[in-house]
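S.K.: Encoded as structure tokens, here's the structure I'll be asking about.
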Amino acid sequence: MTDFETRFLEARKAYIASRFPNLNSMQLQAVLATEGPLLILAGAGSGKTTVLIHRVFNLLKYGRASDSDLLPTGADEAMLQEILDRGPMADEYAALYPVAPWHVLAITFTNKAAGELKNRLGAMLGEQAADVWACTFHSACVRMLRRDADRLGFTADFTIYDTSDSLSLIKHILKDFELDEKYYIPRAVLNEISHLKGESHWPDEVLAEARAGGDRHRIKVAEIYKEYMHRLTLSDSMDFDDLLLYTVTLLDEHEDVRLYWQNRFPYILIDEYQDTNPLQYRFSELLAGGRKNICVVGDDDQSIYKFRGATIENILTFENHYPSCRTIRLEQNYRSTGHILEAANAVIRNNTSRKGKELWTQHEEGELIELTIADNEHDEAQIVASVMMANYGRGENWKDHAVLYRKNAQSNSLEYALKRHGIPYRIVGGTRFFDRAEVKDILSYMCVVSAPTDDLRLERIINVPARGIGNKSVQTALEIAHDQNVSLFEIVSHADQYEELTRSAPRMRLFANLIRDLKAFAEVNPPDALFDEIIEKTGYIRALEEKNTAEDTGRIENVREVKTSILTYIKESGDSTLSGFLANVALYTDLDNYDSEQDAVTLMTMHSSKGLEFPHVFLIGMEETMFPSMQAIGEPEEMEEERRLCYVAITRAMKTLHLLAARQRMIFGRTSSNRVSRFVDEIPEEHIKKNAPKSYGYWESSRFSAYSEPRPKSSHSFQTAASPTGSSIRPAAAKKDVSPVPVPTFALGDNVKHKAFGEGVIVKMTPMGNDSLIEISFQSVGNKKLMLRAAAQYMVKI
DNA sequence: CGCACCACAATTTTT
DNA sequence: TTGTGGTGCG
């Protein structure tokens, strides 16, 4: 290499590096290493997404320049000088084969992460960003499959089964096979099938092996698996795992397809690599092809999805699979305080089989982690509410608080406490909006219109709203369909040809015509119009209106909300095909709806919290059998996964971390008590402050009750607090701004009667934001502090 | 055929 | 405690 060349390359690299002044040296390395396999071990809060964004930026702007010895054609002293001077022309001379945006594929696990990636890319790159494929494994697969579905025996409009669809299909099959759900638990069978698919095992192979082995249970599961696949194929449907399984098949067996996608994506980035399963590994391997420009980002310590087939091996052995791989560790944490980070490090250190990473930070030690032992789960929730109110009083936002728990069921007591105090909250997870029965009904109509061969969904709606086609008739029709190996719709359309069906034949014919009309309608109209047509022609909403119960009003709202989501989809994606919308629905999760702008406390499982961060985090239920969970105790591997989950949970916290445990707790109506979680013991004492029991069990006695200034604050959107009994529909998914709560007309000194607490007098009012904190002295229950807006709904002046 | 009630079961995490 | 599924009655 000539002296000029060396000088040129050095100058070029230095120039490009200078374009990323905000990155630390490790981050910079990760951004500049564009060529060949790259493993980025990114600790929690180490600026992983930032690296990803800048990496894409570097690729699009400078191509391979930062990682290549190639000189641009005609490189001369003038160019070198330009780069050394870093003048406005430098960009042009520094670039080497800039990558076109559509040549970059960035895979994430959640739509939310993909969305965030897109947004941040958009902010940095402008319009170009739109052409980068930033999506989840599943949506990437859908897009690939739509193109070549016919090669696999599907139509381009194949539908996607979500988990509950799959589950009911399994139940049907169990019934047909006359297997007892007690021994073949549908959920478990589905899990087994999912794991088999995750390791690329097809039914025939599994069945053969099971038969050779002779284990009855395994044989039955294999048979169920085979039948399950068969019926999915008949319905022109795929489940979540199929999306990957078939895409891998497609890439594996069709060289032209494989080459097409390999050429399409010379640069591949995969986020959360520790959560990939073997099938996803194969997918990325096939795409990376010979070029091997594959960059994976992950953290073995944050692998928490082993239960659904993810294998840590993928990340642990990446270096073996790709011998030329470079590995970069990002260990500087920009998120948490010293105490929090030390606690996380201390906990995770107890795991074996790690790549080994120690997070460090330049931040201060910060506040001590607080551990509080509550009397029971209500007390626990109460304490959480109290601390949050105190923080709010000091000027913190509700949205800066998150409560994390091991399992969804734990949210109940919290919801109750937050509701009573009028603290706005939002639950992530639990029942998805699209899982509500009425919503599924409407979507099932749309699915059937899209694919009438979809027996499962057809069965769901054939008599909804009631149109006189009883279950008996449907089952008979299903049997006939089965015998003839055709779809249910086929039989229903010609019901009058079968004696067994003569009674309901006229109604079946009517129904078949309805579907046919709707299908014809859908061919020339967009999905939102189809929605209207379905509502109109089926009388779905009318049927609900006639019942006219309180619950049905909510259901009607949910049904209407479906239209909003259709319109949103069309607007955001620019796609107005029915199958596009339906696929989007199936791949949608609650987290996607998570809008961090709304000022509300976040409640979610530790699992869903991965990738997020909050200034103030509360971990509740820190007791043995809750966390670590019952089934992990005594299972070393499971225990390690629980510990990683704990690590994830702790590292969500930026400024303060509260750990809570309850002395006793109701579990299936029975009280039980367990000692504090081992994970708490694993945190060195110097990072923890243990609150004496009862020290602030109730709001009033708290040293946190230091309220200060009322603070100027723009509008809050408050949740509609549902009925005080708590028998509410979860306010989780439907994103709607609730009608403004009328300005409460209570004043200091008023005598009031509260639904839950009885009579009392307002002794204190402190304006806070556009709400007020009021203190009421109740006759029977003593003093209570409440948020006025929420309390006003349960209170009258007397 | 549709609805209501009762008994029973099951409790982890989710793309 | 909640939800689901089955049964029995109108």
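Counting from 715, one number per residue, gives the positions in the first sequence under our numbering.
Beta carbons: idealized from backbone N, C-alpha and C, even for Gly.
Is the CB-CB distance between SER1050 and ALA1367 below 7 angstroms?
M.R.: Locating residue 1050 in the first sequence gives position 336, counting from the first residue. Locating residue 1367 in the first sequence gives position 653, counting from the first residue. Taking 7 angstroms as the Cβ cut-off, SER1050 and ALA1367 qualify as a contacting pair.
S.K.: Look at the alpha carbon of ALA1024 and the alpha carbon of TRP916, and state the distance between them as a whole number of angstroms.
M.R.: As a working note, residue 1024 is residue 310 in the first sequence. As a working note, residue 916 is residue 202 in the first sequence. Each residue's alpha carbon lies about 18 angstroms from the other.
S.K.: Could you tell me if THR1267 is buried or exposed, where buried requires 16 or more neighbouring beta carbons within 10 angstroms of its beta carbon?
M.R.: Counting from one through the first sequence, the residue named residue 1267 turns up at place 553. Flag for THR1267 reads exposed.
S.K.: In the DSSP assignment, the beta strand (DSSP E) including GLU1084 goes from what residue to what residue?
M.R.: Your numbering for residue 1084 matches position 370 in the first sequence. That run of the beta strand (DSSP E) goes 1083–1088.
S.K.: Assuming contact is defined by CB atoms lying nearer than 7 angstroms, are ASP1168 and VAL1162 in contact in what I supplied?
M.R.: Taking the first residue of the first sequence as 1, we reach residue 1168 at position 454. Taking the first residue of the first sequence as 1, we reach residue 1162 at position 448. Contact: yes.
S.K.: Identify whether THR1031 lies in helix, strand or coil by the three-state DSSP scheme.
M.R.: For the purposes of this step, residue 1031 is taken as residue 317 along the first sequence, with counting starting at 1. In the structure shown, THR1031 sits in coil (DSSP, three-state: anything other than H, G, I, E or B).
S.K.: May I ask you to report which of helix, strand or coil DSSP gives HIS1321?
M.R.: The residue you call residue 1321 lines up with position 607 of the first sequence. Here HIS1321 sits in coil by DSSP.
S.K.: Thinking C-beta only, is VAL1299 closer than 7 angstroms to PHE1148?
M.R.: As a first step, residue 1148 must be located in the first sequence, where it is residue number 434. As a first step, residue 1299 must be located in the first sequence, where it is residue number 585. The answer is yes: Cβ separation under 7 angstroms.
S.K.: Run through DSSP, which three-state label would LYS1467 get?
M.R.: Here residue 1467 is taken as the residue at index 753 of the first sequence, counted from 1. Three-state result, LYS1467: strand.
S.K.: What residue does the beta strand (DSSP E) around THR1370 start on, and which one ends it?
M.R.: The residue you call residue 1370 lines up with position 656 of the first sequence. 1367–1376 is the extent of the beta strand (DSSP E) around THR1370.
S.K.: Tell me which residues share the same chain as ALA697 and place their Cβ nearer than 6 angstroms to its Cβ, disregarding the 5 neighbours each side in the sequence.
M.R.: The structure shown does not extend to residue 697, since the chain spans only 715 to 1512, so no value can be given for it.
S.K.: Compute the Euclidean distance between the alpha carbons of ILE1488 and ASP1114, then round it to the nearest angstrom.
M.R.: On the first sequence, position 774 is the one that residue 1488 refers to. On the first sequence, position 400 is the one that residue 1114 refers to. Each residue's Cα considered, the two are about 22 angstroms apart.
S.K.: Specify the secondary structure class of SER949 as computed by DSSP and reduced to three states.
M.R.: In the first sequence, the residue the question calls residue 949 occupies position 235. Coil.
S.K.: Starting from ILE1156, trace the beta strand (DSSP E) both ways and give me its first and last residue.
M.R.: For the purposes of this step, residue 1156 is identified with residue 442 of the first sequence, where counting begins at 1. Looking at the DSSP string, ILE1156 is not in any beta strand (DSSP E); the run it does join, the alpha helix (DSSP H), is 1151–1164.
S.K.: Cα-Cα, which of LEU1359, SER1391, ARG1043, TYR942 is closest to SER739?
M.R.: Residue 739 sits at position 25 when you count from the first residue of the first sequence. Here the closest residue by C-alpha is ARG1043.
S.K.: Considering only residues of the stretch 780–829, which uninterrupted alpha helix (DSSP H) runs meet the minimum length of 4 residues and lie entirely inside it, listed in chain order?
M.R.: Complete alpha helix (DSSP H) runs here, min 4: 791–799, 804–808.
S.K.: Given that a residue counts as buried once 16 or more other Cβ atoms are within 10 Å of its Cβ, and exposed if not, what is ILE1026?
M.R.: In the first sequence, residue 1026 corresponds to position 312, counting from 1. Per the 10 Å Cβ criterion, buried.
S.K.: Check whether the Cβ atoms of GLU796 and ALA789 lie closer than 7 angstroms to each other.
M.R.: As a first step, residue 796 is located in the first sequence; it is residue number 82 there, counting from the start. As a first step, residue 789 is located in the first sequence; it is residue number 75 there, counting from the start. Not closer than 7 angstroms, so no.
S.K.: Starting from TYR875, follow its DSSP beta bridges and name the residues at the other end.
M.R.: Counting from one through the first sequence, the residue named residue 875 turns up at place 161. The partner list for TYR875 (beta bridge, DSSP) reads ASP953.
S.K.: Pull up the CB-CB distance for TYR939 and ILE982, whole angstroms please, since I reckon it's below 8 angstroms.
M.R.: Here residue 939 is taken as the residue at index 225 of the first sequence, counted from 1. Here residue 982 is taken as the residue at index 268 of the first sequence, counted from 1. Contact flag wrong, Cβ pair sits at about 31 angstroms.
S.K.: Using the beta-carbon count (16 or more within 10 Å), is PRO1398 buried or exposed?
M.R.: What you label residue 1398 is simply residue 684 of the first sequence in a count that begins at 1. Under this definition PRO1398 is an exposed residue.
S.K.: So, is ASN1105 buried or exposed, given that buried needs 16 or more other C-beta atoms within 10 angstroms?
M.R.: Here the question's residue 1105 lines up with position 391 in the first sequence. The residue in question, ASN1105, is buried, as its Cβ has 16 or more Cβ neighbours within 10 Å.
S.K.: Which same chain residues end up closer than 7 angstroms to ALA1447 when comparing Cβ atoms and leaving out the 5 residues on each side of it in sequence?
M.R.: Within the first sequence, residue 1447 is the residue found at index 733, counting from 1. At ALA1447, the pLDDT of 32 sits below 50, so the modelled position is not reliable; the number obtained from the coordinates is stated separately. These residues qualify, in order along the chain: ARG1146, PHE1147, ASP1304, ASN1307.
S.K.: Does LYS1403 pass the burial test, meaning 16 or more other C-beta atoms within 10 Å, or should it be called exposed?
M.R.: The residue given as residue 1403 occupies position 689 in the first sequence. With fewer than 16 other Cβ atoms within 10 Å, it is exposed.
S.K.: So, at 7 angstroms on beta carbons, what are the nonlocal neighbours of LEU723 in its own chain, with the 5 sequence-adjacent residues on each side left out?
M.R.: By one-based count along the first sequence, residue 723 stands at place 9. Closer than 7 angstroms at the Cβ level, and outside the excluded window around LEU723, lie ASP783.
S.K.: Taking three-plus beta-carbon pairs below 8 angstroms as touching, is the stretch 999–1015 in contact with the stretch 1064–1073?
M.R.: Touching, yes, given that three or more Cβ pairs across the two stretches are closer than 8 angstroms.
S.K.: Round the Cβ separation of THR1086 and ASN1388 to the nearest angstrom and send it over; I've been treating them as touching at under 8 angstroms.
M.R.: Start at 1 with the first residue of the first sequence, and residue 1086 comes out as number 372. Start at 1 with the first residue of the first sequence, and residue 1388 comes out as number 674. Rounded, the Cβ-Cβ distance is 16 angstroms, inconsistent with contact.
S.K.: Within 10 angstroms of its Cβ, does HIS944 collect 16 or more other Cβ (buried), or is it exposed?
M.R.: Taking the first sequence and counting its residues from 1, the one referred to as residue 944 is at position 230. Result: exposed.
S.K.: By how many angstroms is the C-alpha of GLU895 removed from the C-alpha of LYS885?
M.R.: Here residue 885 corresponds to residue number 171 of the first sequence, with the count starting at 1. Here residue 895 corresponds to residue number 181 of the first sequence, with the count starting at 1. About 8 angstroms.
S.K.: Which complete alpha helix (DSSP H) runs does the stretch 1195–1280 hold, if anything under 4 residues is left out?
M.R.: The qualifying runs are 1202–1207, 1219–1238, 1241–1252, 1254–1261.
S.K.: On the criterion of 16 or more Cβ atoms from any shown chain inside 10 Å, does GLN994 qualify as buried, or is it exposed?
M.R.: For this step, residue 994 is matched to residue 280 along the first sequence. Per the 10 Å Cβ criterion, buried.
S.K.: Around the C-beta of GLN1211, are 16 or more other C-beta atoms found within 10 angstroms, so that it is buried, or is it exposed?
M.R.: Locating residue 1211 in the first sequence gives position 497, where the first residue counts as 1. Per the 10 Å Cβ criterion, exposed.
S.K.: Given VAL920, which residues of its chain have a CB within under 7 angstroms of its CB, disregarding the five upstream and five downstream residues?
M.R.: For the purposes of this step, residue 920 is taken as the residue at position 206 of the first sequence. The answer, listed in chain order, is LEU910, ALA936, TYR939.
S.K.: What does ASP1485 pair with, by DSSP beta-bridge criteria?
M.R.: Looking up residue 1485 in the first sequence gives position 771. Paired residues: MET1482.
S.K.: Distance, Cα to Cα, SER1415 vs LEU904?
M.R.: Residue 1415 sits at position 701 when you count from the first residue of the first sequence. Residue 904 sits at position 190 when you count from the first residue of the first sequence. Only weak support exists for where SER1415 lies, its pLDDT of 31 falling under 50; the value from the coordinates is given anyway. If I take the Cα positions, the gap works out to 51 angstroms.
S.K.: Rounded to whole angstroms, what's the CA-CA distance from ALA1226 to ALA924? Just pull it up for me.
M.R.: On the first sequence, position 512 is the one that residue 1226 refers to. On the first sequence, position 210 is the one that residue 924 refers to. Whole-angstrom Cα-Cα distance: 41 angstroms.
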